[in-house]
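Asker: Before I ask anything, let me first share the structure, which is written out below as structure tokens.
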Amino acid sequence: MVGDQGLVSVTERDVVAPPRATAARRISTFLSSHARARLALLLSAPLAWLVLVYIVALAALLITALWTVDSFTGEITQTWNLDNIIEVVTGSLYQAVTLRTIGVALLVTVVDIVIALPIAFFMAKVASPRLQRILVIAVLMPLWASYLVKAYAWRSVLAEGGLADSVSGGNSPGYGLPATIVTLAYLWLPYVILPIYAGLERVPNSLLEASSDLGASTGRTLRLIVLPMLWPAIIAGSIFSFSLSLGDYITVNIVGGANQLLGNLVYTNVGAANNLPLAAAIALIPIAIMVVYLGVVRRTGALENL
Amino acid sequence: MKLSRPARVTLGTITIVVLAVIYLPLLVVFINSFSTSANLTWPPPGFTLEWWGKAFRNQGALNALGTSVQIALASTAVALVLGTLISLALQRFRFFGRDFVNLLVILPIALPGIVTGIALNNFFRTIMDVRLGILTIIVAHATFCIVTVFNNVIARLRRMGTSLEEASADLGAGVWTTFRLVTFPQLRSALFAGGLLAFALSFDEIIVTTFTAGAGVSTLPIWILDNLFRPNQAPIVNVIAVVLVLVSIIPIYIAQRIGGQEHVAK
């Protein structure tokens, strides 16, 4: 509809009125016959931004990890060595925190996917178009409530004498890793539901009907038709929940009790401990984990579903 | 596949239960914003409008809100331009290094915020030697917002195909005219949806912001974090959260309407 209107105006403008040979016109003619020039023009600005700001920053982070802080003056000395990296890889504190962080991120991701699948399925395949729209809004809206306020709301729900205590008869999990997992799963749930919902929307109903017409049970159709088509969307959702959990240090401060995740170690070393090189070395752990994760899932086509 | 009635009811029930769990903490926040207790004891001992009045007169919160809107608008604008350019390049062309560029767009959101935060903090301070402030926050936010615009626009470009653009070119329209009158009108709602997500992402971001803000700049999330554990400010934080959720209905509704109309038009 919109496209048709556009087409009409093009005809009126440029066929009825003969084009004038302005500079803009000449550039346009040049561009329409030179695809490479068009590509270069499109790509230069965003590529320059991403490389100059982001890739350079990541490379600098890697270099900083190879420097050390003079324990006396607190200044960074630019002598190259692997001390920080070795400390982070072999130190028992870092190993324990890394494993804990990966465990938390994995559990959060699994919980989110298990919850998101039935909801996304109901939204995409059962609900009427009207209800569908309402449900999308209902899932999107909590994203606008501040992350901090939601984490804090869970703090008051899980507090001693709070809602969880009174509902469970004093058996609230309290603050700690379980509370961290629950809160993180709660925070990232919409980010997991939305790509899975979008993925299910792309599974044509006709395929499902054909499968059942050919005698497949519901379970068989889900397993052999829906799941393979949905896989990239599930992975896409998992990238969000996994990566967001991997770097979080604020939620664990609010509901995690004394537990520390990788994010906390990075944060303390940038701030209180004033050891930027060590913080950089610790930050390389989540980078390495995500690079491996992205490398593994790249083949599934998940990156196009983010 | 025909879902049995019990299966449909089960799915519906799960959806209702999960939505209830999603909204329960928000409901607690809503009720607490009227509580007479300043340290959020549950159940509330009484109800008052005191915090609502105080929130709208709280200069710190209002300033932080202004800063956040300013940052979110600027980074959304940058993300819209860069995201559109890069999705046109990746969707309309096949070239060497295309996969790398694709990964480059995703990386700022796929790597944890703490990594992006510390990398940019280090970059701004030690390499660029610029003072941290609103500008550095905008640069940081724009970088990870590009992907939301990119996703929406590239999905639209894939569905659009190129036949209308080719027709426009055949009829003599130049590159710019074709973009302005043919491509852009078809992209408008995707840009709106992507821009909306970018705005929301920037508006609520706390981790990267903490690392790129420097002293003296307070966005709304930073203000909230500073005040969350202060007894007399926590109820005001609740009021702000409630207002944000309520205000967010408008843009989400508009985005849904635009999306819905195009669905019908097809």
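Protein chains in written order, with the working numbering: chain A, 1 to 306; chain B, 307 to 572.
Even for Gly, the Cβ is constructed at its ideal location relative to N, Cα and C.
Cβ of S524(B) within 8 Å of Cβ of A370(B)?
Answerer: Cβ atoms of S524(B) and A370(B): closer than 8 Å.
Asker: Using a Cβ-Cβ cut-off of less than 7 Å, give me the residues of the stretch 279-297 of chain A that come near chain B, in sequence order.
Answerer: For the stretch 279-297 of chain A, which is checked against every Cβ of chain B, the residues closer than 7 Å are A279, A280, A283, P286, I287, M290, L294.
Asker: Cβ atoms of T518(B) and A416(B): under 8 Å apart, would you say?
Answerer: Cβ distance not < 8 Å, so A416(B) and T518(B) don't count as in contact.
Asker: Report the partner residues of F353(B) according to the DSSP bridge assignment.
Answerer: In the DSSP output, where bridge partners are listed per residue, F353(B) has S341(B).
Asker: Quick one: grab the DSSP three-state call for V69(A).
Answerer: The answer is strand: DSSP assigns V69(A) an E or B state.
Asker: Can you tell me which of the three DSSP states I512(B) falls into?
Answerer: Reduced to three states, the DSSP call for I512(B) is coil.
Asker: Answer yes or no: do M123(A) and Q132(A) have a C-beta to C-beta separation smaller than 8 Å?
Answerer: Their beta carbons are under 8 Å apart, which means M123(A) touches Q132(A) by this criterion.
Asker: Which residue from P418(B), P414(B), A425(B) puts its Cα closest to that of L61(A)?
Answerer: When only C-alpha atoms are compared, the closest one is A425(B).
Asker: L158(A) and G169(A): beta carbons closer than 8 Å?
Answerer: In this structure, G169(A) does not lie closer than 8 Å to L158(A) by Cβ.
Asker: Short check: CB of L502(B) to CB of P557(B), under 8 Å?
Answerer: Yes, the Cβ-Cβ distance between L502(B) and P557(B) is below 8 Å.
Asker: Which residues in chain A sit within 9 Å of R314(B), going by Cβ to Cβ distance?
Answerer: Chain A residues near R314(B): F122, V126.
Asker: Buried or exposed: which applies to R130(A), given that a residue is buried once 16 or more other Cβ atoms fall within 10 Å of its Cβ?
Answerer: R130(A) should be labelled exposed.
Asker: For T442(B), write down the residues that DSSP places opposite it in a beta bridge.
Answerer: Partner(s): none; T442(B) has no beta bridge.
Asker: Around the C-beta of W80(A), are 16 or more other C-beta atoms found within 10 angstroms, so that it is buried, or is it exposed?
Answerer: That one is exposed.
Asker: From the DSSP secondary-structure annotation, give me the bridge partner or partners of A76(A).
Answerer: For the record, residue 76(A) in the displayed sequence is Ile; it is not Ala. DSSP output for I76(A) lists V69(A) as bridge partner(s).
Asker: Where are the alpha helix (DSSP H) runs, 4 residues long or more, that stay fully inside the stretch 155-208 of chain A, in chain order?
Answerer: Counting whole runs of 4 or more residues, the stretch 155-208 of chain A contains the alpha helix (DSSP H) stretches 163-168, 177-201.
Asker: Answer with yes or no whether the minimum CB distance from I250(A) to chain B is below 8 Å.
Answerer: True, the Cβ-Cβ gap to chain B drops below 8 Å.
Asker: So with Cβ pairs under 8 Å, would you call A326(B) a contact of chain A?
Answerer: No, A326(B) lies away from the interface with chain A (no Cβ there is under 8 Å from its Cβ).
Asker: So Q365(B) is in the alpha helix (DSSP H); what residue range does that whole segment cover?
Answerer: Q365(B) -> alpha helix (DSSP H) spans 365-398.
Asker: Out of G467(B), N427(B), F535(B), point me to the one whose CA is closest to V270(A)'s CA.
Answerer: Comparing Cα-Cα distances from V270(A) to each of G467(B), N427(B), F535(B), the minimum goes to N427(B).
Asker: Measure how close the beta-carbons of S146(A) and P527(B) come, nearest whole angstrom, since I'm counting them as under 8 Å.
Answerer: That belief holds up - the Cβ atoms of S146(A) and P527(B) are roughly 6 Å apart, short of 8 Å.
Asker: Any beta-carbon of chain D closer than 8 Å to the one on M229(A)?
Answerer: The chain labelled as chain D is not found among the protein chains of the depicted structure, namely A and B.
Asker: Rounded to a whole number of angstroms, what is the C-alpha to C-alpha distance between G263(A) and S393(B)?
Answerer: Roughly 32 Å between the two C-alpha positions.
Asker: Of all the residues that make up the stretch 132-156 of chain A, which are near chain B by a beta-carbon distance shorter than 8 Å?
Answerer: Result list: R133, L135, V136, I137, A138, V139, L140, M141, P142, L143, W144, A145, S146, Y147, L148, V149, K150, Y152, A153, W154, S156.
Asker: Ordered along the chain, which non-local residues of its own chain (more than five positions away) have a Cβ less than 6 Å from that of N544(B)?
Answerer: Only V335, N338, S339 meet the Cβ criterion.
Asker: Please compile the residues from chain B whose C-beta is within a distance smaller than 9 Å of the C-beta of A60(A).
Answerer: Within 9 Å Cβ-Cβ: A425, N428, F429, T432, I433.
Asker: Taking all protein chains shown into account, decide if P204(A) is buried (16 or more other Cβ within 10 angstroms of its Cβ) or exposed.
Answerer: Exposed.
Asker: In angstroms with no decimal places, state the Cα-to-Cα distance between Q397(B) and I113(A).
Answerer: So the alpha carbons of these two residues sit roughly 29 Å apart.
Asker: Should the stretch 248-262 of chain A be regarded as contacting the stretch 89-107 of chain A, the criterion being three or more beta carbon pairs within less than 8 Å?
Answerer: With a cut-off of 8 Å, the stretch 89-107 of chain A and the stretch 248-262 of chain A count as touching, because enough Cβ pairs lie within range.
Asker: Three or more C-beta pairs under 8 Å: does that hold for the stretch 191-210 of chain A against the stretch 105-121 of chain A?
Answerer: Yes, the stretch 191-210 of chain A is in contact with the stretch 105-121 of chain A.
Asker: How long is the line joining the alpha carbons of N171(A) and D165(A), rounded to whole angstroms?
Answerer: Whole-angstrom Cα-Cα distance: 6 Å.
Asker: Between the C-alpha atoms of G247(A) and R26(A), what's the straight-line distance to the nearest angstrom?
Answerer: Whole-angstrom Cα-Cα distance: 50 Å.
Asker: Could you check whether V459(B) and T515(B) sit closer than 8 Å to each other, using their CB atoms as the reference points?
Answerer: Contact flag unset, no.
Asker: Note down, in chain order, every chain B residue with its Cβ under 7 Å from the Cβ of I119(A).
Answerer: Result: I320, T321, V324.
Asker: Does G423(B) pass the burial test, meaning 16 or more other C-beta atoms within 10 Å, or should it be called exposed?
Answerer: The residue is buried, with at least 16 neighbouring Cβ atoms inside 10 Å.
Asker: Here's a check: name, in chain order, each residue in its chain whose Cβ is nearer than 8 Å to the Cβ of R404(B), leaving out the five neighbours to either side.
Answerer: Hits under 8 Å: L396.
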